[in-house]
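Below is one structure, written out as structure tokens, with a few remarks after it.
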Amino acid sequence: MKKTIASIDFFSSLNEEHLTLLSSISTLHTYTKNYVVHYEKKVSSNLLFLTNGLAKAYKIDKHNNEVFLYYIHKNSILSEISNIKSKVLTSFSNIEIIEDAQVLSINYQKFYDYFLSKNLLCLEFADEVIKHSQYLQDLVNREFIFDSVAKVAMMIASDLDMFNKLKRHDISLILHIQPATLSRVLTRLKRNNIIDIIQGKIKIINYTALEAIYKDL
Amino acid sequence: MIKIKIAGAFIFLLSILLVFLFNDINKQNNLNNDTLNNIKQQKIFIQDISKNILFAYKDKNISNYKLDNSIKKLLLNISAIKNQNNKTLSLYSDFYLKIQEFKNLNKITTSYSSILIEKLVNNIYKTNLELIIELDKLISIHQKELQNKLNIYKNIEYTLFFLLITLLVYLFTQIKKILIFVQRFLLISKKMIKNSSIKNLEPLKEDSISSNISLYDATNNFNSFVHKTNASVEYSIKSIEHSSKSLEMVENNLEDVLKFLYTMENNDMDLTKKEDVIIQSLEELITTTQNLKNLKNDLNDLINFKS
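One line per chain: the protein sequences are A and B, in this order.
Quick note on my numbering: the first sequence kicks off at 470 and runs consecutively.
Quick note on my numbering: the second sequence kicks off at 9 and runs consecutively.
As structure tokens, then:
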């Protein structure tokens with residue numbers, strides 16, 4: 470447990486004593502793909518860290534459609550911090566495991582008393598909150614600023630591995646566009662010699678032109 | 009509804025009027041009975057006085073106590089004949105004076121006074137008879153007056169009672185119409201709930217309730233609501249279908265434009281931007297079509313009361 474905690478960047482500033490203290494208030498869980506770690510609007514007394522694997526945050530609209538928000542990569546906080554003064558955590562979105570994952574669960578109240586209230590890990594904590602804010606900025610860009618071509622271009626440029634790993638249908642769900650539109654955009658990018666499609670996998674030919682599509686907006 | 013309110017107000021007023029009338033009749037009856045009793049008592053006292061005068065005339069040694077007592081009672085109840093005719097009053101005065109005269113003369117025992125007392129006793133006896141006849145007449149007049157009054161009161165009572173019954177019958181018929189309307193309304197409401205749908209709602213029939221303006225208005229309002237709901241549901245479904253078809257047509261046209269652009273095989277920036285715009289427009293068209301489908305589903309859920 471202590472080794473796992475020490476391996477997380479977030480806790481790299483802690484000394485041996487603090488690591489032991491943190492281990493005493495933490496538990497380690499392993500979850501398989503498609504497991505929902507927590508549902509939106511639920512209150513939790515534990516702060517969750519994704520130590521390994523991949524998760525996604527999403528919400529459900531009134532027509533029961535899934536609205537993708539962002540991915541959460543390893544070494545990130547899974548929980549959402551909405552109020553620093555509160556002793557409990559209220560989730561804004563649903564968090565689902567995409568790849569088999571290991572999650573570190575820390576008693577939030579004790580964590581607050583032993584560390585945050587003593588000005589330990591405050592910078593790291595603030596950094597995580599900023600990271601979540603960045604996710605939401607990307608979300609605003611994707612949903613309200615970008616058109617379909619820019620959305621696809623940004624995803625290919627920023628996370629090509631993920632793009633090639635996912636099915637086209639899942640990509641269209643994530644980007645909140647129609648599968649037909651995704652197909653049209655890929656055709657348009659290929660025709661303009663920005664990308665190539667080899668056996669269904671995308672290969673970037675002109676990265677600058679690809680980046681220009683969403684950065685020029 | 010105004011008619012029912014007016015009928016209700018009349019029933020309330022008539023009920024109060026009847027209560028007052030009953031009360032007044034009771035008071036009048038008591039008053040008349042008291043008057044008649046007093047007159048009858050006067051008769052008894054007069055006869056008692058006459059009788060005691062006769063006894064005192066026959067036996068001079070007899071005490072005047074009984075005579076004085078009867079005179080006292082007569083004077084105490086004199087109010088009963090105060091408002092009577094002049095003849096009765098003059099007879100009373102005459103009778104009283106003769107009694108006083110008798111009392112004075114009866115104390116003297118001369119041969120002349122004996123002649124005068126004999127004459128006076130005869131006069132008292134005559135006056136007594138006349139007074140009794142007059143008081144009998146008075147009693148019969150009072151009884152007749154009382155009977156007449158009672159007859160008038162009875163007629164008024166019967167009229168008011170008949171009016172009350174008529175109003176109650178009218179009220180009942182009006183309420184019956186409202187009950188029929190409510191029953192029909194409930195029946196249609198139950199049908200709506202049973203079918204879990206507001207599609208093809210049935211309007212209320214107007215046949216038997218058309219005479220009542222308020223119910224007629226309520227029926228019309230309900231029917232108007234039903235017609236408008238039916239029309240809105242039909243119009244909304246048609247509009248959504250029409251919009252979906254229009255969007256599909258626009259989508260097909262844009263697809264054609266896009267195909268045309270593909271065939272041009274160009275690297276022109278402007279054309280590429282236009283292509284992006286068309287791709288985005290198609291995306292928005294498909295999204296809008298889907299939103300319309302969602303809207304249609306929502307509408308169907310609303311029509312069929314699904315939550």
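By construction, the Cβ of each residue, glycine as well, lies at the ideal position given by its N, Cα and C atoms.
For a test of the three-state rule: what should DSSP assign to S482 of chain A, helix, strand or coil? If DSSP states are grouped into helix, strand and coil, S482 of chain A belongs with coil.
Buried or exposed, going by whether 16 or more other CB atoms sit within 10 Å of the CB of H601 of chain A? Buried is the call here.
Quick one: Cα of Q36 of chain B to Cα of Y178 of chain B, how far? The alpha-carbon atoms of Q36 of chain B and Y178 of chain B are separated by roughly 34 Å.
Quick test of your reading: L128 of chain B and K106 of chain B, contact by CB under 8 Å. State the CB separation rounded to the nearest angstrom. Indeed, because the Cβ distance is near 6 Å, the residues count as touching under 8 Å.
For Q571 of chain A, report the span of its beta strand (DSSP E) as first-last. Under the DSSP assignment, Q571 of chain A falls in the beta strand (DSSP E) whose first and last residues are N563 to N576.
When the Cβ atoms of the stretch 140 to 156 of chain B are set against those of the stretch 35 to 49 of chain B, are three or more pairs found closer than 8 Å? Touching, per the Cβ criterion.
For I646 of chain A and I575 of chain A, I'd like the C-alpha separation in whole angstroms. Roughly 37 Å between the two C-alpha positions.
Please state whether DSSP places V506 of chain A in a helix, a strand or coil. Of the three classes helix, strand and coil, the one that applies to V506 of chain A here is strand, per DSSP.
Under 8 Å between beta-carbons, which chain A residues line up against N302 of chain B? List them in chain order, please. Taking the beta carbon of N302 of chain B as reference, the chain A residues within 8 Å of it are H532, listed in sequence order.
Evaluate F268 of chain B with the Cβ neighbour count: other Cβ atoms within 10 Å of its Cβ, from every protein chain shown; 16 or more gives buried, anything less gives exposed. F268 of chain B should be labelled exposed.
Less than 7 Å between C-beta atoms, sequence neighbours within five positions excluded: which residues of the same chain meet that for K659 of chain A? If we look at K659 of chain A and ignore the five residues flanking it on each side, its Cβ neighbours are D665 and I666.
Name the DSSP bridge partner or partners of L517 of chain A? Residue pairing by DSSP places L517 of chain A opposite A:S574 in a beta bridge.
Chain B contact residues for T677 of chain A, given Cβ-Cβ distances below 8 Å: Residues of chain B with a Cβ closer than 8 Å to the Cβ of T677 of chain A do not exist; the shortest Cβ-Cβ separation is about 15 Å.
Buried or exposed for K253 of chain B, please, with buried defined as at least 16 other CB atoms from any protein chain shown within 10 angstroms of its CB. It is exposed - the Cβ of K253 of chain B has fewer than 16 other Cβ atoms within 10 Å.
In this structure, what does DSSP give as the bridge partners for K670 of chain A? According to DSSP, K670 of chain A bridges with A:I667.
By Cβ distance, which residues of its chain are closer than 6 Å to A622 of chain A, with the 5 residues on each side in sequence left out? Spatial neighbours of A622 of chain A in its own chain (CB-CB distance under 6 Å, excluding positions within 5 residues in sequence) are listed in chain order as L679, I682 and Y683.
Give, in chain order, every residue of the stretch 636 to 659 of chain A whose Cβ lies closer than 7 Å to some Cβ of chain B. Of all residues in the stretch 636 to 659 of chain A, I646, Q647, A649, T650, R653, V654 and R657 have a Cβ within less than 7 Å of some Cβ in chain B.
Starting from T650 of chain A, trace the alpha helix (DSSP H) both ways and give me its first and last residue. Element bounds for T650 of chain A: P648 to R660.
Given that E256 of chain B touches chain A, what residues does it touch there, using C-beta distances under 9 Å? Going along chain A, no residue has its Cβ under 9 Å from E256 of chain B, so there is no contact; the nearest lies around 13 Å.
Can at least three beta-carbon pairs, one atom from the stretch 493 to 506 of chain A and one from the stretch 561 to 571 of chain A, be found at a separation below 8 Å? At 8 Å Cβ cutoff, the stretches touch.
So for F63 of chain B, helix, strand or coil by DSSP? It is helical.
I'd like the span of the beta strand (DSSP E) that includes F537 of chain A, first residue to last. Note, F537 of chain A: beta strand (DSSP E), E535 to I541.
Which residues in chain B sit within 9 Å of V618 of chain A, going by Cβ to Cβ distance? Those are E283, D284, I287 and Q288, listed as they occur along chain B.
Kindly indicate the opening and closing residues of the beta strand (DSSP E) around L497 of chain A. Where L497 of chain A is concerned, the enclosing beta strand (DSSP E) stretches over S495 to Y500.
For T174 of chain B, report the span of its alpha helix (DSSP H) as first-last. Where T174 of chain B is concerned, the enclosing alpha helix (DSSP H) stretches over S119 to N203.
Partners in chain A for T280 of chain B, counting only beta-carbon separations shorter than 8 Å: Chain A residues near T280 of chain B: R657 and N661.
Do V572 of chain A and V512 of chain A have their CB atoms nearer than 7 Å? No, these two residues do not count as a Cβ contact at 7 Å.
With DSSP collapsed to three states, give me the class of K525 of chain A. K525 of chain A falls in the strand class under three-state DSSP.
L26 of chain B and L168 of chain B: beta carbons closer than 7 Å? For L26 of chain B and L168 of chain B, yes; Cβs fall inside 7 Å.
Out of B:K213, B:E242 and B:Y243, point me to the one whose CA is closest to N229 of chain B's CA. When only C-alpha atoms are compared, the closest one is B:K213.
State the Cα-Cα distance for the pair Q182 of chain B and S232 of chain B, rounded to the nearest angstrom. The alpha-carbon atoms of Q182 of chain B and S232 of chain B are separated by roughly 23 Å.
If I follow the unbroken alpha helix (DSSP H) through M631 of chain A, where does it start and stop? Start and end: L629 to K634.
Using the beta-carbon of each residue, which ones in chain A are nearer than 8 Å to T295 of chain B? Result: Q647.
Straight-line Cα distance separating K134 of chain B from N72 of chain B: The C-alpha of K134 of chain B is placed about 21 Å away from the C-alpha of N72 of chain B.
Starting from L558 of chain A, follow its DSSP beta bridges and name the residues at the other end. According to DSSP, L558 of chain A bridges with A:S513.
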